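In UniProt numbering, the protein residues as written are 1 to 150.
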């Protein structure tokens with residue numbers, strides 16, 4: 001059975017040290033994405049890796065940590081404007097509705113966007129059904145669970 005998710009919510013990304021980060025469901029996007037900056041692909045001693053910072057220094061959830069990973073791939077992604085762009089894709093964990101889910105995120109410069117994370121169809125498929133009339137369903141459930149534990 002699929003879980004109802006709203007148009008907007010908040011999620012945790014434990015491997016990225018981000019909690020209660022605003023996310024937007026985007027059924028028009030296939031791939032999920034996260035805002036980052038200063039993305040660099042580096043090759044040293046015969047091994048390639050990428051370095052990047054998540055969010056912007058002005059964002060309240062910014063952790064000022066340079067992330068590094070060898071676990072990435074490059075994919076061509078078509079933007080909402082129909083333009084193709086090569087992006088880096090990382091795999092990580094997202095926690096919503098008290099459950100961990102694997103998610104692939106494209107690293108994207110989204111500083112001019114209200115929501116730093118878009119959840120695309122690839123992530124939503126077979127797990128969630130989107131109801132655009134509700135919001136923060138997972139976050140409210142998390143808050144209620146925390147109150148019960150007190």
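Each residue gets a CB set at the ideal place from its N, CA and C atoms; glycine is no exception. Since we're looking at a predicted model, the values are computed, not measured.
| Asked | Found |
| --- | --- |
| Reduced DSSP category for residue 137 - H, G, I as helix; E, B as strand; rest coil | helix |
| Own chain partners of residue 118 with C-beta closer than 7 Å, once the 5 adjacent residues on each side are dropped | 24, 26, 29, 32 and 33 |
| Where residue 142 falls: helix, strand or coil (DSSP) | helix |
| Sub-9 Å separation of residue 66 and residue 53 beta-carbons | yes |
| Through-space distance from residue 82 to residue 8, alpha-carbon basis | 24 Å |
| First and last residue of the uninterrupted alpha helix (DSSP H) at residue 124 | 121-124 |
| Cut-off 7 Å between Cβ atoms - residues of its own chain near residue 99, not counting five sequence neighbours on either side | none |
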